[in-house]
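Heads up: the structure comes next, in structure tokens.
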Amino acid sequence: MTLVPLAGCAGQAPSALDPAGAGAQRVEGLWWLLFWISVVVFVEVMALLAWALIFRRGGRTRVRHSQPLRFVTIAGAGLPLVILVAVYGVSLRDLAALGTDPGRDAPTVEVTGHQWWWEVRYEGVAGATANEIHIPVGERVRVRLRTADVLHSFWVPQLMPKTDLIAGETRETWLHADRVGQYRGQCAEYCGLQHAHMALMVIAVPRPEFDARLARLAAPARAPSTDAERRGQQAFVQGTCAACHTVRGTGAQGRVGPDLSDVGSRWSIGAGAVPNDAGHLGGWIANPQTVKPGNQMPPQPVDAARLPDLIAYLRSLG
Ligand code: CUA
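If you count the sequence shown from 1, position 96 lands on 96 in UniProt numbering, and the numbers rise without skipping.
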């Protein structure tokens, strides 16, 4: 039931001009500064152009020869130089502010980009999740970024500008949300066929909820409580699923695909490809290639009789 508002969120395009944290506020300030400078320059150029067209037809000149040269020097070179140097100075200041370390005590989340999903781990916590990052509201959280394959770019428009994920390198940024909420992020560097379906959700929650979240990530996944869930777990662990996926506390310890220990509570299936409900989950298990063509999960030879059990089991996780 909690998924309904989440699904609504998934459809909205987040805007860097609607900041919800210290990082994005910097970017917004810079954006408006550039916008208003552009407006002033545009209006001035258009006014001069109109003046030239209306009053100076026929090549009549009322100014002496030294004046046009001075005008071109000041308006064409001097003024742009002053504006560009000033903007450069302001952007350097913002860059420095965005690059500051969030502090030794800040929680650290380790994010690894894959084609086409985000692996999410927290420093000091054994478990992993995918495509969603919980952060405590009002606090800075360090984000350590790596890629398992090609270039990706981590972007949460309402919280922080882009940081590229570069093969062989570890990059760092931070997240800060000043109000509780969900902030959609997106891979912002073309990384192959399903680049558009490489979304994530940053979920800012009060500190106690964040601590509870980390505790759940460290614990085994929820045990099945119905017969269908038990059959589903058996099919999952003994079938092909376990070769690629982990469910904590079971025999499934695959590391190729996302850890599914809390898949039932995630905001989407396939990093924003489809909503997380029983129907889409069944469709995904039966043939992930029709839902998100090109992803690494091959179509599954699942016994039709087992599919509802598998769905029941996976829906129960989280
Ligand atoms: Cu990853 Cu685009």
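Glycine included, each C-beta is placed from N, C-alpha and C at the ideal position.
Backbone CA spacing between residue i and residue j [nearest angstrom]
i, j, result
"A212", "R230", "26 angstroms"
"V156", "D164", "12 angstroms"
"A196", "C187", "7 angstroms"
"Q233", "G318", "14 angstroms"
"E119", "V150", "14 angstroms"
"Q253", "L34", "51 angstroms"
"A50", "V109", "56 angstroms"
"F55", "L48", "10 angstroms"
"V45", "L69", "17 angstroms"
"C244", "P299", "13 angstroms"
"G270", "A75", "54 angstroms"
"Q199", "V111", "This sequence places Ala at residue 199; Gln is not what is there. The straight-line gap from Cα to Cα measures roughly 13 angstroms."
"E189", "P161", "13 angstroms"
"C241", "A126", "21 angstroms"
"P288", "H280", "10 angstroms"
"E28", "M201", "21 angstroms"
"residue 379", "I311", "As displayed, the chain neither begins before 1 nor continues past 318, which places residue 379 out of reach and without an answer."
"Y313", "L175", "33 angstroms"
"G239", "V302", "9 angstroms"
"Q67", "V39", "26 angstroms"
"R222", "R248", "9 angstroms"
Contacting residues, own chain, Cβ-Cβ under 8 angstroms from residue i (five flanking each side not counted)
i, result
"I83", "I37, V41"
"R266", "T129, A130, N131, E132, N276, G318"
"L307", "G282, I285, A286"
"A167", "T147, D149, V150, L151"
"T246", "A128, A252, Q253, G254, R255, D259, L260, S261"
"A16", "A24, V27, E28, W31, P157, Q158, P161"
"G78", "none"
Bounding residues of the beta strand (DSSP E) (the contiguous stretch that carries residue i)
i, result
"A128", "128-130"
"residue 331", "Outside the modelled stretch of the chain, which goes from 1 to 318, sits residue 331, for which no answer is possible."
"E172", "171-175"
"D178", "Note, D178: premise wrong, no beta strand (DSSP E); not H, not E."
"V302", "Segment: none, V302 is in no beta strand (DSSP E) and carries neither H nor E."
"L145", "141-147"
Contact set for residue i: own chain, Cβ-Cβ below 6 angstroms, skip 5 residues either direction
i, result
"D94", "R26, L30"
"H114", "A148"
"L193", "G294"
"R171", "L145, T163"
"M1", "With a pLDDT of only 36 at M1, under the threshold of 50, the placement of this residue in the model should not be trusted, and no figure is reported."
"residue 378", "There is no way to answer for residue 378, as the model of the chain reaches only from 1 to 318."
DSSP-derived helix/strand/coil call for residue i
i, result
"R118", "Note that residue 118 is Trp in the sequence shown here, rather than Arg. Note: W118 maps to strand in three-state DSSP."
"S153", "strand"
"H134", "strand"
"G21", "coil"
"S38", "helix"
"P275", "strand"
"G76", "helix"
"A196", "helix"
"G251", "coil"
"E110", "strand"
"A167", "coil"
"R266", "coil"
"P161", "strand"
"V291", "helix"
"A204", "strand"
"Q296", "coil"
"L260", "coil"
"G29", "helix"
"R70", "helix"
"V43", "helix"
"A16", "coil"
Enclosing alpha helix (DSSP H) for residue i [first to last residue]
i, result
"L281", "278-286"
"P208", "207-218"
"H307", "Here residue 307 is Leu; the residue named in the question, His, does not match the sequence. 307-316 is the span of the alpha helix (DSSP H), which, as asked, contains L307."
"P80", "79-98"
"D230", "One detail in the question is off: residue 230 reads as Arg in this sequence, not Asp. 227-238 is the span of the alpha helix (DSSP H), which, as asked, contains R230."
"A242", "241-244"
Cβ-based neighbour list, residue i, same chain, cut-off 7 angstroms, excluding 5 preceding and 5 following
i, result
"A273", "H197, V291, K292"
"D309", "A228, R231, G232, A235"
"A20", "Q158, L159, A177, D178, R179, G181, Y183"
"V263", "L314, L317, G318"
Neighbour flag for residue i against chain D, beta carbons, 7 angstroms
i, result
"P308", "This model lacks chain D altogether, as it is built from one protein chain only."
* For the ligand CUA, enumerate in chain order all residues having a CB closer than 6 angstroms to any of its heavy atoms. => Taking each Cβ in turn, the ones that pass are G113, W116, H152, C187, E189, Y190, C191, H195, M198.
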